[in-house]
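In the numbering used here, the protein residues as written are 96 to 251.
The beta-carbon is built from N, C-alpha and C at its ideal position, and this holds for glycine as well.
Rendered as structure tokens:
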């Protein structure tokens, strides 16, 4: 995992519509960049919907929300449509950005070891520096924790 106060690795990935999105596009804005294993799975859906349900709060404070997984653009489009997500999901099929942010790790499931995306989040400040790191997060309560750490009341 990267550390707080480090420069966030630059990237350009396609969003659900095939449009390139770069971290550099958001200089001057705070970014919540969250990495998740897979579209339309229970934990990932809960996490995405928690961001959706509080999206207006983030938007009101000028904070950009971006999700990244190795799913395809088409899978992201379907997930966004099904869950009415108001933010971009970026496709990293070769997991290069996921690796650069330290979220591609060894995982163990039912005794089987494999490599995959570990649910984690970075808050990146207006100058592209990592302000906060959330490694191995749980999907429930995570978004509320981010808002608390940013000093934002949910009914702001």
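Take the alpha-carbon of residue 174 and the one of residue 222: they are about 31 Å apart. Secondary structure at residue 114: coil, using DSSP grouped into helix, strand and coil. Beta-bridge analysis with DSSP links residue 201 to 210.
Around the beta carbon of residue 179, a 10 Å sphere encloses fewer than 16 other beta carbons of the protein chains shown; the residue is thus reported as exposed.
Residue 134 sits buried, since 16 or more C-beta atoms from the chains shown fall within 10 Å of its C-beta.
In the three-state DSSP reduction, residue 183 falls in the strand class (E or B).
About 6 Å separates the CB atoms of residue 143 and residue 162; that is less than 8 Å, so the two are in contact. Apart from sequence neighbours up to five positions away, the residues of its chain that approach residue 235 with a beta-carbon distance below 7 Å are 141, ordered along the chain.
With respect to the C-alpha of residue 197, the residue from 203, 215 and 207 having the closest C-alpha is 215.
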